[in-house]
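Colleague: Would you mind keeping the following structure in view while I ask a few things?
Residue numbers (this note's numbering), protein chains in the order written: chain S, 1 to 114; chain B, 1001 to 1114.
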């Protein structure tokens, strides 16, 4: 069985400040982890993924995420948030034993204020 | 991203109507997916197709009928829907259904059932 949790419904941050969106997961095998972003009236856009190797993964638009196996976490980070980063962010996990099925979190709304 | 195109973008229909949603991907992928996105709920995987064959039906009611004539096209036929079926329907594709493959999403069809 696999599951993913995004503990915050909304994250508020001032422009220029660091942004962190939290994600924890549970899998029976090894995890493949993904972050997506959704802007209003759009589909989900792929940001980055962790498959294996370096625990720090860099992705699109200046985002990065750190895989922490002991804490079963995969938090999304950006050193300096932009107003245009305001969107809905989804974490997703797939067990290495899983074919086809993503397990998505409920999403975290990020609001960046000028 | 224009790799996955969904039509129509908006659809309003009565409960006794029959309509179809269309998805087309130009990415050369072999796997395609239908998801339902309702407000305040995680994404719900509905169907998975791999090389035109349905590999997963996530206990979806029979009033939703998918069709995949080739690896580039996916349809969702709708008949006798209920008000609770109002949602954003997202199509996605990936190179394969392997767990390490990210999915690429269309912008969705916003469906409203009267």
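Beta carbons are placed, not taken as given, at the ideal position from N, Cα and C, and that holds for glycine.
In the DSSP assignment, find the beta strand (DSSP E) that holds residue 38 of chain S and state where it starts and stops.
Modeller: Note, residue 38 of chain S: beta strand (DSSP E), 31 to 38.
Colleague: Less than 8 Å between CB atoms is the rule here; does residue 1054 of chain B satisfy it with respect to chain S?
Modeller: With 8 Å as the cut-off, residue 1054 of chain B does not count as an interface residue toward chain S.
Colleague: So the beta strand (DSSP E) residue 12 of chain S belongs to, where does it begin and stop?
Modeller: It spans 10 to 14 - the beta strand (DSSP E) in which residue 12 of chain S sits, taken as one unbroken run.
Colleague: On the three-pair Cβ rule with 8 Å, is the stretch 85 to 95 of chain S touching the stretch 1005 to 1014 of chain B?
Modeller: No: the two stretches stay apart, fewer than three of their Cβ pairs being nearer than 8 Å.
Colleague: Looking only at its own chain, which residues have a Cβ that is under 7 Å from the Cβ of residue 1051 of chain B, when we skip the five neighbours before and after it?
Modeller: Correct list, in chain order: 1030, 1071.
Colleague: Give me the residue from B:1100, B:1088, B:1112, B:1026 with the minimum Cα distance to residue 49 of chain S.
Modeller: Nearest C-alpha to residue 49 of chain S: B:1100.
Colleague: Under a three-way DSSP split, which group does residue 1107 of chain B fall into?
Modeller: Three-state result, residue 1107 of chain B: coil.
Colleague: Determine, using beta carbons only, whether residue 102 of chain S comes closer than 8 Å to chain B.
Modeller: Yes, residue 102 of chain S lies at the interface with chain B (some Cβ there is under 8 Å from its Cβ).
Colleague: Could you tell me the distance, in whole angstroms, from the CA atom of residue 1027 of chain B to the CA atom of residue 109 of chain S?
Modeller: If you take the alpha carbons of residue 1027 of chain B and residue 109 of chain S, they lie about 29 Å apart.
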